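In our numbering, the protein residues as written are 188 to 454.
In this text, a Cβ means the ideal position worked out from N, Cα and C, and glycines have one as well.
Just so we're clear, the structure is a prediction, and the values are computed from it rather than from any experiment.
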């Protein structure tokens, strides 16, 4: 059984310590969405897709909420339509409509429910390693900095995998394997990424190489921190990003978990 670090001193984050760890896996728990402002205005949390008619859910002092997103035609700003005013400060998220076929899963918040699922499934076989469930990745960060400092100073661990979900693009395709990111808005240390590539190739696990010039993850706080962390984003690609209809190919989910299991044995 792992040692579990949780509680007020960790805010809403959880750290699981297995055996003699060499590598940490970071999976963020938070979601995009909206905060209720004044006059039925909504403020975005992260970068949700804005489309009039999208169903939103939440809860305030007056009870459960199921309302409709409306985009103001003049300003382009998000508002809501509901039978009453919602308490200011209330958080609203996409209403879940989970769909599964033989080849895909589709839902809101596969980013990062799938990253969390991958980390939890990894725990079933993990002997040595750290699994971190972090917060605030979707809106500015802040948690990984103190988590990484503690892990480095307490366990001497300074290499990480980012268990998150990336994008289907013109170069990364659904069904062709988990994506190993060579870069996004930041560039990880090449020697570390090359080790990961060699392990994936030797194991025969389907994977794709991703190169982007924008975007980011929990890795931002690792790279900007005071400790010498190596990191690599390794995640399945999804389409319909940050919408209620995110979709991922099951083959990519399978290869993601398989690669994490192999990496945590060898890194």
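Determine the DSSP secondary structure at residue i, reduced to helix, strand or coil.
{"i": "residue 222", "result": "strand"}
{"i": "residue 304", "result": "helix"}
{"i": "residue 289", "result": "coil"}
{"i": "residue 416", "result": "coil"}
{"i": "residue 322", "result": "coil"}
{"i": "residue 341", "result": "helix"}
{"i": "residue 244", "result": "strand"}
{"i": "residue 365", "result": "strand"}
{"i": "residue 271", "result": "coil"}
{"i": "residue 284", "result": "coil"}
{"i": "residue 192", "result": "strand"}
{"i": "residue 440", "result": "helix"}
Just to confirm the assignment, what range does the alpha helix (DSSP H) spanning residue i have?
{"i": "residue 380", "result": "377–390"}
{"i": "residue 296", "result": "Per DSSP, residue 296 belongs to no alpha helix (DSSP H) and is neither H nor E."}
{"i": "residue 201", "result": "Premise fails: residue 201 lies in the beta strand (DSSP E), 201–205, not in any alpha helix (DSSP H)."}
Can residue i and residue j be called in contact, C-beta distance under 8 Å?
{"i": "residue 212", "j": "residue 301", "result": "no"}
{"i": "residue 417", "j": "residue 447", "result": "no"}
{"i": "residue 201", "j": "residue 190", "result": "no"}
{"i": "residue 280", "j": "residue 243", "result": "yes"}
{"i": "residue 235", "j": "residue 221", "result": "yes"}
Measuring alpha carbon to alpha carbon, tell me which of the options ends up nearest residue i.
{"i": "residue 319", "options": "407, 311 and 349", "result": "349"}
{"i": "residue 328", "options": "205, 190 and 216", "result": "216"}
{"i": "residue 268", "options": "278, 256 and 275", "result": "256"}
{"i": "residue 311", "options": "204, 411, 325 and 413", "result": "204"}
{"i": "residue 332", "options": "229, 253 and 413", "result": "413"}
{"i": "residue 433", "options": "284, 382, 452 and 451", "result": "284"}
{"i": "residue 450", "options": "388, 410, 435 and 431", "result": "388"}
{"i": "residue 364", "options": "287, 444 and 405", "result": "444"}
{"i": "residue 409", "options": "384, 334 and 271", "result": "334"}
{"i": "residue 275", "options": "229, 258, 214 and 454", "result": "229"}
{"i": "residue 226", "options": "214, 403 and 273", "result": "273"}
Taking only beta-carbon atoms, is residue i less than 8 Å away from chain D?
{"i": "residue 228", "result": "In the structure shown, chain D does not exist; there is a single protein chain."}
Counting along the chain, where does the beta strand (DSSP E) carrying residue i start and finish?
{"i": "residue 253", "result": "250–258"}
{"i": "residue 268", "result": "265–268"}
Legend entry - Segment contact, 8 Å Cβ cut-off, at least three pairs: the stretch 382–400 with the stretch 357–374: yes
Inset, instruction - Report yes or no: do the stretch 430–447 and the stretch 288–301 share at least 3 C-beta pairs separated by less than 8 Å? - result: yes
Inset, instruction - Decide yes or no for the touch test of the stretch 350–359 against the stretch 235–252: beta carbon pairs closer than 8 Å, at least 3 of them. - result: no
Inset, instruction - Report yes or no: do the stretch 424–433 and the stretch 385–394 share at least 3 C-beta pairs separated by less than 8 Å? - result: no
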